[in-house]
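> Residue numbers (my numbering): -4 to 195. We put the CB at the ideal spot given by N, CA and C, even for glycine. Since we're looking at a predicted model, the values are computed, not measured. One structure, as structure tokens, below. Some questions next.
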Ligand code: IMP
């Protein structure tokens, strides 16, 4: 079976990605078997740019097919922030609590349509030589609520309300998020390419 490496160290994101591709006849893994994998710096100013950096640097280093994923939350009323800085919005990478507090502060004076937000997930598939085979993007639209609701998901999920359900990603069951999230919509597009290129 051909190995496909999910080039991320975010355990919660990995769990979602594994669930989205887990049924394919592939040796699907995260970076755990590769303790010496290079730490890819996210220096691009777009999601797709950062996902491409991850896939192109990791694939030849691991000599394996790699999916690089980069994602985040965009609030148009804040000029697209937190955007590519979503993981380190409040300063420390991965401090969800501080990031959510900052988002609530920045949006305190905003009402109605100005509270609209969307998640973006970009995924890039590179072959073992580091050649990009596919680049996809998925989005999921919602509204930022005024206080945390629910404890599910990760990142900004307790603040991200999905209007169709009237619940945040922190409240909705994980399988609902897995069906309609930005990551699901990106991986839906990647799946046929993975099947064609790798399963044959
Ligand atoms: P990355 O690991 O550099 O792609 O950063 C992703 C960051 O965007 C995370 O740390 C979260 O803050 C945010 N994010 C991306 N996807 C999600 C999601 O599905 N739920 C909540 N936050 C997300």
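1) Could you spell out the range, first to last residue, of the beta strand (DSSP E) harbouring residue 24?
2) Can you name, in chain order, every residue of its own chain whose Cβ lies under 6 Å from the Cβ of residue 180, other than the five neighbours on each side?
3) Could you check whether the Cβ of residue 58 sits closer than 7 Å to any heavy atom belonging to ligand 1?
4) Using the three-state DSSP reduction, which class does residue 200 fall into: helix, strand or coil?
5) What I want to know is whether the C-beta of residue 192 ends up closer than 7 Å to one or more non-hydrogen atoms of ligand 1.
6) For residue 183, does the count of other Cβ atoms within 10 angstroms reach 16, so buried, or fall short, so exposed?
7) Is residue 81 near ligand 1, going by C-beta to nearest heavy atom under 7 Å?
8) Does the segment 39 to 46 come into contact with the segment 60 to 80, if we say contact requires no fewer than three beta-carbon pairs (one atom in each stretch) closer than 8 Å?
According to the structure data:
1) 22 to 24
2) 133
3) no
4) The first residue shown for the chain is -4 and the last is 195, placing residue 200 beyond what the model contains.
5) no
6) exposed
7) yes
8) yes
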